[in-house]
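What follows is one structure encoded as C-alpha cells, with my remarks underneath.
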Amino acid sequence: MSNYAGNDFVTVKGFDRADFEQLFELAQNMDKIVKGRTTDDLLQGSILGLMFFQVSTRTRISFESAMRRLGGSVVGFVDPKTTRIGDYYAESMHDVVRMMENYADILVVRHPENGAPERAGTITDVPVINAGDGDNEHPTQALLDLYTIRCEKGTIDDLQIGFVGDMNLRVFHSLPLALAQYKAKAYFISPPEVSLPSPWIDKVREAGLDFEEITSMDEIIEELDVIYMEGVKTPSYHIGRTETAETRPEMPQEWILDSKKLKRLKSDAIILHPLPRTEELPMEVDASESARYFAQAGYAVPVRMALLSLILDRNL
Ligand code: CP
Numbered sequence: 292m293s294n295y296a297g298n299d300f301v302t303v304k305g306f307d308r309a310d311f312e313q314l315f316e317l318a319q320n321m322d323k324i325v326k327g328r329t330t331d332d333l334l335q336g337s338i339l340g341l342m343f344f345q346v347s348t349r350t351r352i353s354f355e356s357a358m359r360r361l362g363g364s365v366v367g368f369v370d371p372k373t374t375r376i377g378d379y380y381a382e383s384m385h386d387v388v389r390m391m392e393n394y395a396d397i398l399v400v401r402h403p404e405n406g407a408p409e410r411a412g413t414i415t416d417v418p419v420i421n422a423g424d425g426d427n428e429h430p431t432q433a434l435l436d437l438y439t440i441r442c443e444k445g446t447i448d449d450l451q452i453g454f455v456g457d458m459n460l461r462v463f464h465s466l467p468l469a470l471a472q473y474k475a476k477a478y479f480i481s482p483p484e485v486s487l488p489s490p491w492i493d494k495v496r497e498a499g500l501d502f503e504e505i506t507s508m509d510e511i512i513e514e515l516d517v518i519y520m521e522g523v524k525t526p527s528y529h530i531g532r533t534e535t536a537e538t539r540p541e542m543p544q545e546w547i548l549d550s551k552k553l554k555r556l557k558s559d560a561i562i563l564h565p566l567p568r569t570e571e572l573p574m575e576v577d578a579s580e581s582a583r584y585f586a587q588a589g590y591a592v593p594v595r596m597a598l599l600s601l602i603l604d605r606n607l
C-alpha cells in the first residue's frame, strides 16, 4: 500500500522522494491515456467532490478532466455563492464537508484561509486534497511542477532552479519543500519586501533544501536550468483585474522576463509559470524554445490522475 492510499494530501510534508517517484511513474502511464485522448475505467463508480471557495481555471478543470479520463464522475461547487454558504445562512465549511462526504468519495478543497483543507480533513474520513489554501500551500501544483521538470529536463537532480516573484505566493512554499527531496540548488529571487517569509525559510532549511536568496534576476539568470516565474506584485485573489486597473502598481521592468533577459538564458533552460500570468511573462516569450508553461499546465492532468488513483488505491 502506498503512502497516499486513503490519506489526505494537504501538504507535501511527510512525502519523500520515493513517494514522488512512485506518483511520477504512474503519471507517465496516465499520460498515455491523455495523449491518446481516450479514457480508462480505473475509477469507474468513484465520485470526486469539488469544494472551491476560491476561483480556479487550471486546478479545478484539470482535476475534473483527470477524474473523467479515469471513468469517474464529478460533483460539487466552483463558486460558494451558488450554495447556501453564500446566502443568509452562511453555511459553515464544517457542515458542507459533512454533506459532501455523503455525496463524494474524495474531496478537493481550495480555500482563501490557510489550513482550511487540513481542517476539512479532520471533519471527515473521506480523503481531502488541498487545491491551494491562502498563502500557505499548493501541493498538487508542486507535484506537477516537479513532474514537468523531470519530463522536460530528464532529471530534477543537479539542476539550478530559480524562483522569481513574490515569495508569499503559495506555489513558492510547496514546490521548494518538495524539491528538498532532490539534489537541486534553489534560488529565491525577489525584491527584499517580498522575500520568502522567515517561517518558510525555516521550513525549507529544515527539509534540507540547498538554497540562496537573491534580490536581482540579473545576478543569476545565465546560471539557471529552470526559471520559475511569478509576479513581484501580488494580485488580489478577490478583486477582478479590470476593477483594479487604476490602482494596480506597475510591474517593474527588472522583474519582467523581457527579450533582453530571454537572450541571456542558457540555450537549454526552461521557463515555467503556474499561470495565470501578468506582465512578468510577456506573450512574446511564448515563441521561445525555452517556454514550457503550457506543457506544465498540461501535465496537471496525468499527475492528478495518478494522485486520485493512488489515494483511492487503484492502480493501472
Ligand atoms: N496554477 C493554478 O493554480 O491555476 P488556477 O488558479 O487557475 O487553478
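Take 292 as the starting number for the sequence shown in our numbering and just add one per residue.
Note that beta-carbon positions come from the ideal geometry of N, C-alpha and C, so glycine has one too.
Review point. Under 6 Å from any heavy atom of the ligand CP, does the C-beta of S347 make it?
Key: Locating residue 347 in the sequence shown gives position 56, where the first residue counts as 1. Yes, Cβ of S347 sits closer than 6 Å to a heavy atom of the ligand CP.
Review point. Heavy atom of the ligand CP less than 6 Å from the Cβ of P593, yes or no?
Key: Walking along the sequence shown from the start, residue 593 turns up at place 302. No, the Cβ of P593 stays beyond 6 Å of every heavy atom of the ligand CP.
**Study point:** Near the ligand CP: T439 beta-carbon under 6 Å from a heavy atom
**Key:** Counted from its first residue, the sequence shown places residue 439 at position 148. T439 Cβ: outside cutoff for every heavy atom of the ligand CP.
Review point. Anyone know if the C-beta pair for V388 and T415 falls short of 7 Å?
Key: As a working mapping, residue 388 is identified with position 97 in the sequence shown. As a working mapping, residue 415 is identified with position 124 in the sequence shown. Going by C-beta atoms, V388 is nearer than 7 Å to T415.
Review point. In chain order, what residues of the same chain have a beta carbon less than 7 Å from the beta carbon of Q472, not counting five sequence neighbours either side?
Key: By one-based count along the sequence shown, residue 472 stands at place 181. Excluding positions up to five away in sequence, the list reads D307, R308, F311.
Review point. Straight-line CA distance for A591 to A357?
Key: Translated into positions along the sequence shown, residue 591 becomes position 300. Translated into positions along the sequence shown, residue 357 becomes position 66. If you take the alpha carbons of A591 and A357, they lie about 8 Å apart.
Review point. In the DSSP assignment, what are the bridge partners of I497?
Key: Translated into the one-based positions of the sequence shown, residue 497 becomes position 206. Looking at the sequence provided, one finds Glu at residue 497 rather than Ile. According to DSSP, E497 bridges with nothing at all.
Review point. Sorry if obvious, but does the Cβ on T350 come closer than 6 Å to a heavy atom of the ligand CP?
Key: Indexing the sequence shown from 1 puts residue 350 at position 59. Because some heavy atom of the ligand CP lies under 6 Å away, the Cβ of T350 counts as near it: yes.
Point to revise | Three-way DSSP call (helix, strand, coil) for R532 in this model | key: By 1-based counting over the sequence shown, the position of residue 532 is 241. Only weak support exists for where R532 lies, its pLDDT of 46 falling under 50; the value from the coordinates is given anyway. If DSSP states are grouped into helix, strand and coil, R532 belongs with coil.
Review point. In terms of residues, what are the limits of the alpha helix (DSSP H) holding D386?
Key: To locate residue 386, count along the sequence shown from 1; it is residue 95. First-last of the alpha helix (DSSP H) with D386: 384–394.
Review point. Within 10 angstroms of its Cβ, does Q335 collect 16 or more other Cβ (buried), or is it exposed?
Key: Mapped onto the sequence shown, residue 335 falls at position 44. Classification for Q335: exposed.
Review point. According to the Cβ coordinates, are L314 and A597 closer than 7 Å?
Key: For the purposes of this step, residue 314 is taken as the residue at position 23 of the sequence shown. For the purposes of this step, residue 597 is taken as the residue at position 306 of the sequence shown. Yes, Cβ-Cβ distance for L314 and A597 is below 7 Å.
Review point. So, G340 versus M391, is the Cβ gap smaller than 7 Å?
Key: Taking the first residue of the sequence shown as 1, we reach residue 340 at position 49. Taking the first residue of the sequence shown as 1, we reach residue 391 at position 100. Their beta carbons are under 7 Å apart, which means G340 touches M391 by this criterion.
Practice item. Taking A433 as the reference, give the member of V303, D604, P593 with the closest Cα. Key: The residue labelled residue 433 in the question sits at position 142 within the sequence shown. It is V303 whose Cα lies nearest to the Cα of A433.
Review point. Is the closest heavy atom of the ligand CP to the C-beta of P403 under 6 Å?
Key: As a first step, residue 403 is located in the sequence shown; it is residue number 112 there, counting from the start. Checking every heavy atom of the ligand CP against the Cβ of P403, none is found closer than 6 Å.
**Study point:** Beta-bridge pairing of N459 - partner residues as DSSP gives them
**Key:** The count along the sequence shown starts at 1 and reaches residue 459 at position 168. According to DSSP, which records beta bridges pairwise, N459 is partnered with nothing at all.
**Study point:** Close beta carbons around S353, own chain, < 6 Å, minus the five adjacent residues each side
**Key:** Taking the first residue of the sequence shown as position 1, residue 353 is located at position 62. Taken in chain order, the residues that qualify are A591, V592, R595.
Check your understanding: Is it buried or exposed for R532, if we count other Cβ within 10 angstroms and need 16 for buried?
Key -> Locating residue 532 in the sequence shown gives position 241, where the first residue counts as 1. Unreliable placement is indicated for R532, whose pLDDT of 46 sits below 50; no coordinate value is reported for it.
Practice item. Would you identify the three-state DSSP class for G425, choosing helix, strand or coil? Key: Position 134 of the sequence shown, counted from the start, is the residue given in the question as residue 425. The answer is coil: DSSP assigns G425 none of H, G, I, E or B.
Review point. Is there contact here, the segment 476–492 with the segment 314–327, by at least three beta-carbon pairs under 8 Å?
Key: no
Practice item. Kindly indicate which residue of L599, I562, Q345, A582 has the alpha-carbon position closest to the one of E404. Key: Against the sequence shown, residue 404 aligns to sequence position 113. Out of L599, I562, Q345, A582, Q345 has the C-alpha closest to the C-alpha of E404.
Check your understanding: In terms of residue numbering, what span does the beta strand (DSSP E) encompassing M542 cover?
Key -> In the sequence shown, the residue the question calls residue 542 occupies position 251. Looking at the DSSP string, M542 is not in any beta strand (DSSP E), and its letter there is neither H nor E.
Check your understanding: the ligand CP heavy atoms versus the CB of P488: any closer than 6 Å?
Key -> The residue you call residue 488 lines up with position 197 of the sequence shown. The answer is no for P488.
Practice item. Could you give the DSSP three-state label for Q432: helix, strand or coil? Key: Along the sequence shown, one-based indexing puts residue 432 at 141. Note: Q432 maps to helix in three-state DSSP.
Exercise for review: In the DSSP assignment, find the unbroken beta strand (DSSP E) run with M520 in it and report its ends.
Suggested key: Within the sequence shown, numbered from 1, the residue matching residue 520 stands at position 229. It spans 517–520 - the beta strand (DSSP E) in which M520 sits, taken as one unbroken run.
**Study point:** C-beta atoms of E279 and I561 nearer than 7 Å
**Key:** Lying outside 292 to 607, the shown extent of the chain, residue 279 is not represented and no answer is given.
Check your understanding: According to the Cβ coordinates, are I452 and I480 closer than 7 Å?
Key -> Taking the sequence shown and counting its residues from 1, the one referred to as residue 452 is at position 161. Taking the sequence shown and counting its residues from 1, the one referred to as residue 480 is at position 189. Cβ distance not < 7 Å, so I452 and I480 don't count as in contact.
Check your understanding: Secondary structure at I511, three-state DSSP: helix, strand or coil?
Key -> Within the sequence shown, the letter at position 220 stands for residue 511. Of the three classes helix, strand and coil, the one that applies to I511 here is coil, per DSSP.
Practice item. Grab me the residues of V462's own chain with a C-beta within less than 6 Å of its C-beta, minus the 5 sequence neighbours each way, in chain order. Key: In the sequence shown, counting from the first residue as 1, residue 462 sits at position 171. Cβ neighbours of V462 beyond the five flanking positions: H429, Q432, P565.
Exercise for review: Check the Cβ-Cβ distances between K476 and every residue of chain C, and say whether any is below 7 Å.
Suggested key: Here there is only one protein chain, and chain C is not present.
Review point. Among G522, Y394, A586, A395, which residue has its Cα nearest to the Cα of P573?
Key: One-based indexing of the sequence shown puts residue 573 at position 282. Measuring from the Cα of P573, the nearest candidate turns out to be G522.
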